[in-house]
Amino acid sequence: MKHDIATIGQLADLSAFDEIIDVRSPAEFADDHIPGSVNCPVLDDRQRSEVGTLYKQVSPFAARRIGAAYVAENIAGHLRSHFCQRDRNWRPLVVCWRGGQRSGSLTHILRRIGWDAQQLEGGYKTYRRLVIAALAEIPRRLSLRVICGATGSGKSRILQAIGTRGEQILDLEELACHKGSVLGVLPDCRQPSQKMFESRLLTVLTALDPSRRVFVEAESRKIGSLQVPEALIETMRAGECITIEASIDSRVDFLLRDYDYFLGDPDWLLARLHALRDLQGSEAIQRWSGYARNASWRELVRELLQLHYDPLYCRSQKQNYAGYTAPVSLSTADLSAGGIDALARRICGAA
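In structure tokens form, the structure reads like this:
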């Protein structure tokens, strides 16, 4: 085996290194990367595109000639900035897409300086295979308590309040940057890529103690544009359900507070509601549009709950969650901050 090549069989092996240096372009790094790694690209996005075009349209030699110049310039910059304070015993792991020339170039130079730099065999693709394997196995070890309840029951807030009481929680909507419904898009917060979502999810899962219960909110297979891994959704659907039965008035009040950012942009809200046209028909969409334009928010929210969200919720829970047939049920008419904290206390005692 070459002394500058690192072969890892499990994600825990990554902890043997002092630092993980990802030399892929910023766009590749933004799509997904090993948690905690640092991006020191040897080709930036523009340079990578230029080299790739030369490779396809001119020749591999022409691409390598200009690529080598860019790589040398960029590595020199990283040596002067990021690596200049590293001591003699620093041991980094260098990662590119598949353990090829980009990571090999930086590894070679770091080793010539005197550091025990290692190049990850298989690169990011090795990491990605290990993530997929772990997500197929780790969720099945967990004992899940699933917080159920119709839209507007404050499930996410209750879950967070449970976490503040020292219980283990898995907040999928926070990881996905989405509230999980057609109106769940968060302002100024893009969802991560599917790969990044799975990396973030795995980081949380590996930190959980499987000997202790874990609370999670009931979700569908998709949260916005992101897919919940199969092993996790199956474990959730087999978990014990705790159902919040909140009054319609308390749910309307809660949603008006929790989605207050909609109130300042009716046009954006109407564009989202348009996605419901096939399910609810043109007449309902026109009526809801009138509510929004007239700032009749309470009427709009109440109808959305009663005509759209509640029927969907009842069908989904009964079909998908085994524990929903005999859940622990908690009734409330108070979804204020104090009411949510009281529910969290009751859940922690009842679960």
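The sequence shown begins at 1 in UniProt numbering and counts up one residue at a time. Where a beta carbon is used, it is the ideal one built from N, C-alpha and C, also for glycine.
| Item | Value |
| --- | --- |
| Under three-state DSSP, which class holds E198? | helix |
| Can you give me the Cβ contacts of G339 inside the same chain, cut-off strictly under 7 Å, excluding the 5 residues immediately before and after it? | T332 |
| Roughly how many angstroms separate the alpha carbons of L273 and V301, rounded to a whole number? | 12 Å |
| Thinking L135 and E219 are a contact (beta carbons under 8 Å), I'd like their distance in whole angstroms, please. | Not confirmed; about 15 Å, so no contact. |
| Does the distance from the C-beta atom of L120 to that of G104 stay below 8 Å? | no |
| Give the C-beta separation of A12 and L93 to the nearest angstrom, bearing in mind that I take them to be a contact with Cβ-Cβ under 8 Å. | In fact, because the Cβ distance is near 13 Å, the residues do not count as touching under 8 Å. |
| Would you list, in sequence order, the uninterrupted beta strand (DSSP E) runs of no fewer than 3 residues that lie entirely inside the region 66 to 134? | 92 to 95 and 118 to 120 |
| Note down, in chain order, each residue of its chain lying with its Cβ closer than 6 Å to the Cβ of K125, except the 5 sequence neighbours on either side. | R98 |
| Label L335 either buried or exposed according to how many other C-beta atoms from any shown protein chain fall within 10 Å of its C-beta, with 16 as the threshold for buried. | buried |
| Exposed or buried, what is S15 when buried is set at 16 or more other beta-carbons lying within 10 Å of its beta-carbon? | exposed |
| Tell me, please, whether the region 214 to 229 touches the region 164 to 174 by the rule of three or more beta-carbon pairs shorter than 8 Å. | yes |
| With 16 other CB atoms within 10 Å as the buried threshold, where does S225 fall? | exposed |
| With respect to the alpha helix (DSSP H) encompassing Q306, which residues constitute its N-terminal and C-terminal limits? | That residue, Q306, is in no alpha helix (DSSP H); it is neither H nor E in DSSP. |
| Could you check what DSSP says for R145 in three-state terms: helix, strand or coil? | strand |
| So the candidates are P35, S25 and H3; which of them puts its Cα closest to the Cα of L201? | P35 |
| Going by the beta-carbon positions, is the gap between G149 and T235 smaller than 8 Å? | no |
| Applying the criterion that 16 or more other CB atoms from any shown protein chain within 10 Å of the CB defines a buried residue, is K222 buried or exposed? | exposed |
| Could you pull out every residue in the same chain whose Cβ sits closer than 8 Å to the Cβ of M1, ignoring the five residues on either side in sequence? | Note that M1 scores 48 on pLDDT, short of 50, meaning its location in the model is unreliable; the coordinates nonetheless yield the value given after this. Same-chain partners within the cutoff: T7. |
| Just how far apart, CA to CA, sit Y261 and I21? | 39 Å |
| Against chain E, with Cβ distances strictly below 8 Å, would F17 count as a contact? | Here there is only one protein chain, and chain E is not present. |
| Are A337 and L307 close, meaning C-beta to C-beta below 8 Å? | no |
| Report all residues from its chain with a CB closer than 7 Å to the CB of T203; omit the five preceding and five following residues, and keep chain order. | P35 |
| Going straight from the alpha carbon of R129 to that of E50, what length do you get? | 29 Å |
| What residue does the beta strand (DSSP E) around I246 start on, and which one ends it? | According to the sequence displayed, residue 246 carries Ala and not Ile. Residues E240 to A246. |
| Out of R257, V38, T164 and E240, point me to the one whose CA is closest to L142's CA. | E240 |
| With DSSP run on the structure shown, which of helix, strand or coil describes R213? | strand |
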